[in-house]
Amino acid sequence: MAGWVTTPLKSSIMKLLRYGPKGQEKPGILDAEGNIRDLSGLLDDITPRTLTAAARQALLAVDPAKLPLVEAGARLGVPWTGIGKFIAIGLNYHDHAVEANLPIPAEPVMFTKWLSCLNGPNDDVIEPLEASKLDWEVELGIVIGAKASNVSEADALNYVAGYCLANDVTDRAFQFERSSGQWSKGKGFDTFGPVGPYLVTTDEIKDPQTLSVWLDVNGERMQTGHTSTMIFSCANLVSYCSRMMTLEPGDLIITGTPPGVGMGMKPPRFLKTGDVMSLGIDHLGRQTQRLVARTK
Numbered sequence: 045m046a047g048w049v050t051t052p053l054k055s056s057i058m059k060l061l062r063y064g065p066k067g068q069e070k071p072g073i074l075d076a077e078g079n080i081r082d083l084s085g086l087l088d089d090i091t092p093r094t095l096t097a098a099a100r101q102a103l104l105a106v107d108p109a110k111l112p113l114v115e116a117g118a119r120l121g122v123p124w125t126g127i128g129k130f131i132a133i134g135l136n137y138h139d140h141a142v143e144a145n146l147p148i149p150a151e152p153v154m155f156t157k158w159l160s161c162l163n164g165p166n167d168d169v170i171e172p173l174e175a176s177k178l179d180w181e182v183e184l185g186i187v188i189g190a191k192a193s194n195v196s197e198a199d200a201l202n203y204v205a206g207y208c209l210a211n212d213v214t215d216r217a218f219q220f221e222r223s224s225g226q227w228s229k230g231k232g233f234d235t236f237g238p239v240g241p242y243l244v245t246t247d248e249i250k251d252p253q254t255l256s257v258w259l260d261v262n263g264e265r266m267q268t269g270h271t272s273t274m275i276f277s278c279a280n281l282v283s284y285c286s287r288m289m290t291l292e293p294g295d296l297i298i299t300g301t302p303p304g305v306g307m308g309m310k311p312p313r314f315l316k317t318g319d320v321m322s323l324g325i326d327h328l329g330r331q332t333q334r335l336v337a338r339t340k
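If you count by my numbering, then the sequence shown holds residues 45 to 340, one letter each, in order.
Rendered as structure tokens:
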């Protein structure tokens with residue numbers, strides 16, 4: 045960071061992001077006024093290395109006001125690159141398990157979303173060729189910042205770099221009717237993993253179980269929830285996952301969705317071409333995606 049004037053921030057809050065055309069994103073940071081500032085003079089990109097405790101501490105010394113201002117309206121990508129694992133937790137809100145007519149889990153239900161499903165927070169979601177029952181799921185994402193293996197629940201959040209907003213878009217037909225029990229089959233289609241708009245470091249989110257969660261479809265509120273009602277807390281999930289696999293910086297765990305998904309409605313209601321999903325979580329921003337037909 046030589047050559048840059050740095051001053052301690054009055055607030056230790058950091059919202060890291062990536063902006064620009066798909067595949068050409070540059071690193072950025074949100075300033076106190078909500079403007080994007082360019083970090084490319086300091087970093088080549090926001091990577092797992094950026095998410096380590098030492099790197100985050102160094103960035104806290106940077107004064108965003110002294111960074112170049114990015115023109116408003118820039119496209120946002122996934123807030124960091126180099127994600128090694130995209131882990132998802134199912135049925136982590138009691139009322140969602142009930143609406144899905146599935147048992148309340150005694151241990152976290154885990155599945156994966158393919159990395160190729162990652163999508164910018166406001167990019168279009170593209171219907172798969174055989175799509176039939178597309179659904180929405182607003183979720184809190186946990187971003188790992190340190191290597192974690194067999195960590196205790198009491199210590200688990202010390203391995204977290206920050207949190208983000210995600211939409212676990214799902215094809216219910218492939219999840220349940222055409223999966224032979226393998227949920228990932230309905231979860232990992234291209235564009236089914238919008239993440240962002242930014243990664244908020246743990247300096248702002250001291251307790252991830254204090255956040256309100258919501259999602260609208262075409263302006264109609266579908267999901268309203270609160271992370272305090274999770275069956276398994278974020279600390280529990282990080283600890284549990286670390287016993288199943290070694291977690292690495294940059295890994296993403298999405299933590300389940302509250303009630304209000306289309307599958308649980310009577311009769312069920314699924315997305316149609318042109319529908320718009322808008323979703324948000326306290327302190328983590330909001331996303332908006334339009335469902336579009338595949339053209340090739």
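Beta carbons are placed, not taken as given, at the ideal position from N, Cα and C, and that holds for glycine. These numbers were taken from a predicted model, which means no experiment stands behind them.
Residue nearest to residue i in terms of C-alpha spacing, selected from the options
{"i": "Asp-107", "options": "Gly-134, Val-114 and Leu-74", "result": "Leu-74"}
{"i": "Ser-277", "options": "Thr-332, Gly-185 and Val-213", "result": "Gly-185"}
{"i": "Lys-157", "options": "Arg-119, Asn-136, Lys-129 and Val-142", "result": "Lys-129"}
{"i": "Leu-135", "options": "Thr-273, Ala-217, Lys-66 and Gly-126", "result": "Thr-273"}
{"i": "Pro-71", "options": "Ala-97, Leu-120 and Ser-228", "result": "Leu-120"}
{"i": "Arg-313", "options": "Pro-147, Lys-177 and Pro-65", "result": "Lys-177"}
{"i": "Leu-93", "options": "Asp-295, Gly-318 and Ala-337", "result": "Looking at the sequence itself, residue 93 is Arg, so the reference to Leu does not match. If we check each option's Cα against that of Arg-93, Asp-295 comes out closest."}
{"i": "Lys-110", "options": "Ile-133, Ala-97, Leu-87 and Asp-82", "result": "Asp-82"}
{"i": "Asn-79", "options": "Leu-87, Lys-66, Leu-113 and Thr-96", "result": "Leu-113"}
{"i": "Val-195", "options": "Val-336, Cys-285 and Ala-99", "result": "Cys-285"}
{"i": "Pro-149", "options": "Ser-84, Glu-69 and His-138", "result": "His-138"}
Buried or exposed by the 16-neighbour rule on C-beta atoms within 10 Å, applied to residue i
{"i": "Gln-101", "result": "exposed"}
{"i": "Gly-164", "result": "buried"}
{"i": "Glu-221", "result": "exposed"}
{"i": "Met-289", "result": "exposed"}
{"i": "Met-45", "result": "Note on Met-45: pLDDT 34, under 50, position unreliable in the model; the coordinate value appears next. The residue in question, Met-45, is exposed, as its Cβ has fewer than 16 Cβ neighbours within 10 Å."}
{"i": "Ala-105", "result": "exposed"}
{"i": "Met-309", "result": "exposed"}
{"i": "Leu-103", "result": "buried"}
{"i": "Gly-225", "result": "exposed"}
{"i": "Pro-123", "result": "buried"}
{"i": "Gln-219", "result": "buried"}
{"i": "Pro-311", "result": "exposed"}
Per DSSP, the bridge partner or partners of residue i
{"i": "His-138", "result": "The partner list for His-138 (beta bridge, DSSP) is empty, contrary to what the question assumes."}
{"i": "Gln-333", "result": "Met-321"}
{"i": "His-270", "result": "Ser-256"}
{"i": "Phe-155", "result": "Ala-132"}
{"i": "Gly-237", "result": "Leu-162"}
{"i": "Glu-183", "result": "Ala-210"}
{"i": "Ala-192", "result": "Leu-291"}
{"i": "Val-169", "result": "Leu-335"}
{"i": "Val-282", "result": "According to DSSP, Val-282 bridges with nothing at all."}
{"i": "Ile-73", "result": "Leu-60 and Arg-81"}
{"i": "Arg-265", "result": "Asp-260"}
{"i": "Asp-215", "result": "Leu-178"}
CB contact check: residue i to chain D, cutoff 8 Å
{"i": "Ile-298", "result": "You won't find chain D in this structure, because it holds only one protein chain."}
heavy atom of the ligand NAD below 7 Å from residue i C-beta
{"i": "Glu-248", "result": "Of ligands this structure carries none, so the ligand NAD is not represented either."}
Quick one: any contact between the region 187-202 and the region 260-268, if contact means 3 or more CB pairs under 8 Å?
-> no
Say whether the region 159-173 touches the region 190-199, bearing in mind that this needs 3 or more beta-carbon pairs closer than 8 Å, one atom from each stretch.
-> no
With a cut-off of 8 Å, do at least 3 Cβ pairs link the region 56-69 to the region 236-246?
-> yes
So does the region 137-147 actually touch the region 300-315, counting three or more Cβ pairs closer than 8 Å?
-> yes
Using 8 Å as the Cβ pair cut-off and three pairs as the minimum, do the region 253-260 and the region 320-331 touch?
-> yes
Contact the region 202-218 vs the region 174-182: 3+ CB pairs below 8 Å = yes
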